[in-house]
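Trainee:
Residue numbers (this note's numbering): 504 to 804.
1. Given a threshold of 16 other Cβ atoms within 10 Å of its Cβ, counted over all protein chains shown, does residue 614 qualify as buried or as exposed?
2. Which word fits residue 789, buried or exposed, when buried means at least 16 other C-beta atoms lie within 10 angstroms of its C-beta?
3. How should residue 848 be labelled, buried or exposed, when 16 other C-beta atoms within 10 angstroms of its C-beta is the threshold for buried?
4. At the level of alpha carbons, what is the spacing between residue 449 and residue 778?
5. Please state the DSSP three-state secondary structure of residue 679.
6. State buried or exposed for residue 544, treating a residue as buried only when at least 16 other CB atoms are found within 10 Å of its CB.
7. Threshold first: 3 residues or longer. Then list the beta strand (DSSP E) segments lying entirely within the segment 616-663, N to C.
8. Using DSSP with H/G/I as helix, E/B as strand and the rest coil, what is residue 571?
9. Assign residue 802 to one of three DSSP states: helix, strand, or coil.
10. For residue 752, does the three-state DSSP call read helix, strand or coil?
11. Write down the C-beta distance between residue 750 and residue 682 rounded to the nearest angstrom, noting that I regard them as a contact closer than 8 Å.
12. Buried or exposed, going by whether 16 or more other CB atoms sit within 10 Å of the CB of residue 577?
13. Run through the DSSP bridge pairs and tell me what residue 665 is partnered with.
14. I'd like the list of long-range same chain contacts for residue 762, defined as Cβ closer than 7 Å, with 5 residues on each side in sequence excluded.
15. Are the CB atoms of residue 533 and residue 552 nearer to each other than 9 Å?
This is the structure:
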């Protein structure tokens, strides 16, 4: 009886250890581009829930990462299960002929690779459905069109502090809920967040409103609030093309991307421009006081 109990205890301990190891983050460091194929065994490509890549990577390295995130070179579903991907210390390099995706379009093949250094390329993670969270390289300057299109599980994206451009449909049909954009952002193409049905809040931290020639948020039924620097409220109100029912709030102290762990302040009181307290949002400009002591002008349409 004692032996049986001891064996069971050992088995439980072993299973616990195996479980812990299987969910540990795998960290891979490259010294030059093109090394991931040898550094990550084929057996690991299907059983790595969390991956961090450090060092230079090219299109062929990204091909391996895509396989781990659920899509192979031709765009078919792979056995990859990677849910969290940390590329914060990776550097994306543009190298001719080093492709990550071969898309069949009619009788033709279309090959995709980064078109420049530090770019999240066109359709780089297209339909990588297991992917839930990604941290972009710190050096990222451009997110190309369709980069995360139909990543239907993607709920969190940490942007780089030097990001300048996000192109069309980059995050279409993702599961993002709250987005905070860096202060370096200058250009956003149309329909970046098309079909993000869980998106509720977007924060712009740049004092100068980015160029936004088209609608950014079509088919986002839960979107309620756009937060911008208080001194730039008028510029953002003029620049943004928003769906009906979405309000723009100008808040003090918004200068850079904040930690994802920071708690969002909650509304504690609301007033009209004459200082009268409101029991609910009123069309026009509302003054809103928050739990962290800040106040904001909110345009209610």
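A virtual CB, placed ideally from N, CA and C, is assigned to each residue, including glycine.
Mentor: Well, looking at it:
1. As a first step, residue 614 is located in the chain shown; it is residue number 111 there, counting from the start. Residue 614 should be labelled exposed.
2. For the purposes of this step, residue 789 is identified with residue 286 of the chain shown, where counting begins at 1. That one is buried.
3. It is not possible to answer for residue 848, since the shown part of the chain is limited to 504 through 804.
4. For the chain, the structure presents residues 504 to 804; residue 449 sits outside this window and is missing.
5. Taking the first residue of the chain shown as position 1, residue 679 is located at position 176. Reduced to three states, the DSSP call for residue 679 is coil.
6. Looking up residue 544 in the chain shown gives position 41. Under this definition residue 544 is an exposed residue.
7. 636-638 and 659-661
8. Mapped onto the chain shown, residue 571 falls at position 68. The answer is helix: DSSP assigns residue 571 an H, G or I state.
9. Against the chain shown, residue 802 aligns to sequence position 299. Reduced to three states, the DSSP call for residue 802 is strand.
10. Here the question's residue 752 lines up with position 249 in the chain shown. Residue state, collapsed to three classes: strand.
11. Position 247 of the chain shown, counted from the start, is the residue given in the question as residue 750. Position 179 of the chain shown, counted from the start, is the residue given in the question as residue 682. The Cβ separation is near 16 Å, so there is no contact.
12. If you number the chain shown from 1, residue 577 lands on position 74. The residue in question, residue 577, is exposed, as its Cβ has fewer than 16 Cβ neighbours within 10 Å.
13. What you label residue 665 is simply residue 162 of the chain shown in a count that begins at 1. In the DSSP output, where bridge partners are listed per residue, residue 665 has none listed.
14. Mapped onto the chain shown, residue 762 falls at position 259. Legend: pLDDT at residue 762 = 36, less than 50; position of this residue unreliable, value from coordinates given subsequently. Same-chain partners within the cutoff: there are none.
15. Taking the first residue of the chain shown as 1, we reach residue 533 at position 30. Taking the first residue of the chain shown as 1, we reach residue 552 at position 49. Contact: no.
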